Structure formats: structure tokens, C-alpha cells
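Following: one structure in C-alpha cells, then a few remarks.
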Amino acid sequence: MALGYVFAVLATLASGSGSILEAMGVRRVAAHGGSSRDLIALWRQWLYFLGLGVNLLGFAFASAALHRLPLFLVQSMLAFSVGVTAMISSFMGAHLRARGWGALVVGASGLVLLGVSAEPGPAQALPPHWRWLLLAVPIPVAAIVLYARRHHHVGATVALAFGSGVSYSVVGISARTLHLPDAVWRLVLEPAAWSIVLNGLTAAALFAMALQKGGPTGVTAIMFTTNTALSSFVGLVYLGDNVRDGYVIAATTGFVLAIAGAIAVAHYSANTRQKEPLPEPAGTRV
């Protein structure tokens, strides 16, 4: 059980720090506000790929945590990685306002409540047809891209952020139910493994497109809320995730505080970055 919490904390730290590096890479190629083709320039930006690598390491930690802890706890901690991003930004010179620090305390308090109320344990196995259904989710979600490319109003941004949240939730569900075979090569035969890869790529693409069209606060809030709420619901209803006896109110309160804190931190961090850009390391712009 303790190891699961350690993995979850490491995943949160990696996700938050990786986001900082990815944001630096995106800003260096000036992709914000442009078209999806502008993202192609990222292949020359090493900072972006460094951040992507750190995020992949965080995903490995999260997967290890999901084999031991419920989805509603791990996903809430990952959502709160925005707090890690805000703290790193503040250490690099982007001053977070007092309300932002207050939001960090609120979110952290929610995570403490979730931590003491969660019942550790493995997930129930999904029926075979569910595994193939999760693998097929990128098909309808990808249709959102076609809609967003033809429309430029706020609805397109909301659709992209929502689709990203759905895909990220499927990644979490797949990781929670992934069966690890004795031989590593047998992972290629696991639908859940392919679901993680395909839905992860889809989620990353839609989230990047959403950030191009809309502000980070609204996009992040929609993505976090969709991801955490959907995966937590599936975990509690279908995967056997449990709350300790007598801790239902604490778990509910913690869930609300954790997500509200994450969204609030994203809001105040976005306002801060608009006034004081995040410092960039020395180097030549692309």
C-alpha cells in the first residue's frame, strides 16, 4: 500500500515538471494561436521532448500506482500536478498570487482526505468486449478534430478539451485493468496496452489543439474535470474501487477539494503567466 502512494506522488511530481518543459517547447516554436500544422515544428525542440520523456516516466509511475490504488485517488493526484507546475514556476520567477497559494492548500487538503479514505487493492477484471471497446475510443474522439478544424468558436475548444479528458480517462482505466503477463513481449497481445498507447496519443494531440484555440484555464479545467470524474465513476461502479467504511463523506469532500484546488491553481497560474512570462533557459529560439 505504501509503495502505491510513493508511486502516485512520483507520478504527480513528474507530470507537473514535465508540463513546464513542454510549455517552454511550445512557446519557443510560437505554436499558440496558430494552426495544427504549427505543431510539426516541435520535432526540432529538444525541451518539448525532454518534457514528454519526463511525462512518460510519470505515466510509468502512475501505472504502477494504479495497480495498487483506486482510480479516484490516483487521477485526482495527477490532476493536482498543476500545483507542482505552479510551484516550479514560482521558483523560476513567476510569482503566484496569495489566492493561488491558498488554492494549493485547498487541493492538498483534498488529497489528504482522499488518501485516508481510499481502500487500496487491485481492480476487477473487465470483460473481453470492454477491452476492445476502450481500444476503439480514439475513433469517435478523433471525429472531434474534424469538427474543430471546421469551426473556430468556443464550442470547438470545449469539444477538444472534453475529448482530451475522455481519452486521458480511458488511459487511466486501461492502466488500472492492464494484466501484466509473465513474458514482456506478450504485452503486444493485450488490448489494454494498445488502448493506453492510442488513447494517450489522441489525448495529447487534442489537448495541444485545445490550448492553441483557447486559454489554458478553461481548457485545463474541462480536461481535468472530465478525466477525473469519468475515470472515477468507472472505477467505483465497474472496477471494484472502494472507499473505507465510514469515510464516504471524507472521500467526497476530498474529491471536490482536490479538483476545485487544481482548477483554481490553473486559473491563478494562467493569470500570473500572462503578466510575467515563465523564464526560459538560455538557448537559441527555433
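Under our numbering, the first residue of the sequence shown is numbered 2, with each subsequent residue one higher. Ideal Cβ placement from N, Cα and C applies to all residues, glycine included. All figures in this text were calculated on a predicted structure; none of them were measured in a lab.
Beta-carbon contacts of residue i that lie in its chain and below 7 Å, excluding the five residues immediately before and after
i    : result
A15  : V55, N56, L58, G59 and F62
S165 : A204, L207, F208, A211 and M224
A143 : T203
G241 : A124 and Q125
V172 : I197, N200, G201 and A204
Y296 : Because the chain spans 2 through 287 in this model, residue 296 falls outside it and cannot be assessed.
L51  : L22
I260 : S77, A80, F225, T226 and T229
Boundaries (first-last residue) of the alpha helix (DSSP H) holding residue i
i    : result
Q213 : P192 to K214
G52  : W47 to L67
V85  : S82 to F92
D130 : Here residue 130 is His; the residue named in the question, Asp, does not match the sequence. First-last of the alpha helix (DSSP H) with H130: P129 to L136.
A99  : A99 to S118
A184 : Looking at the DSSP string, A184 is not in any alpha helix (DSSP H), and its letter there is neither H nor E.
A1   : It is not possible to answer for residue 1, since the shown part of the chain is limited to 2 through 287.
L147 : P139 to R151
8 Å Cβ cutoff met for residue i and residue j
i    : j    : result
S82  : L112 : no
N228 : S170 : yes
A230 : A80  : no
A251 : L114 : yes
A184 : V220 : no
A104 : Y269 : yes
G84  : V266 : yes
S232 : L48  : no
L70  : G156 : no
R132 : P192 : yes
Cβ shell of residue i (< 8 Å), same chain only, five flanking positions each side left out
i    : result
Y248 : V117 and S118
I89  : G17, S18 and I21
T13  : G59, M78, L79, F81, S82 and V85
V10  : M78
H180 : A126, E191 and A193
Cβ-Cβ separation, residue j to residue i (assumed contact under 8 Å), whole Å
i    : j    : result
N200 : P128 : N200 to P128, Cβ: 19 Å. No contact.
L202 : A194 : Not confirmed; about 13 Å, so no contact.
G236 : R177 : 7 Å
Own chain residues within Cβ distance below 6 Å of residue i, not counting five before or after
i    : result
L258 : V107, S110 and G111
N243 : E120
S20  : T86
G34  : Here G34 scores only 49 on pLDDT, less than 50, and its place in the model should not be relied on; the value that follows carries that caveat. Cβ within range, chain order: n/a, list empty.
S255 : According to the sequence provided, residue 255 is Gly. The question's Ser does not apply to it. Once the five neighbours on either side are set aside, the close Cβ partners of G255 are G111, L114 and L115.
W8   : Rather than Trp, the amino acid found at residue 8 in this sequence is Phe. Excluding sequence neighbours, F8 sits near F62, A65 and A66.
L53  : none
G215 : T158
S168 : V142, N200, T203 and A204
L135 : V171, S175 and S196
Any non-hydrogen atom of the ligand GDP within 7 Å of residue i CB
i   : result
F81 : No copy of the ligand GDP occurs in the structure displayed, which carries no ligand at all.
- Message: Contact between the stretch 206-217 and the stretch 89-104 is defined here as three or more beta-carbon pairs at a separation below 8 Å; is this criterion met?
- Response: With a cut-off of 8 Å on Cβ pairs, the stretch 206-217 is not in contact with the stretch 89-104, counting fewer than three such pairs.
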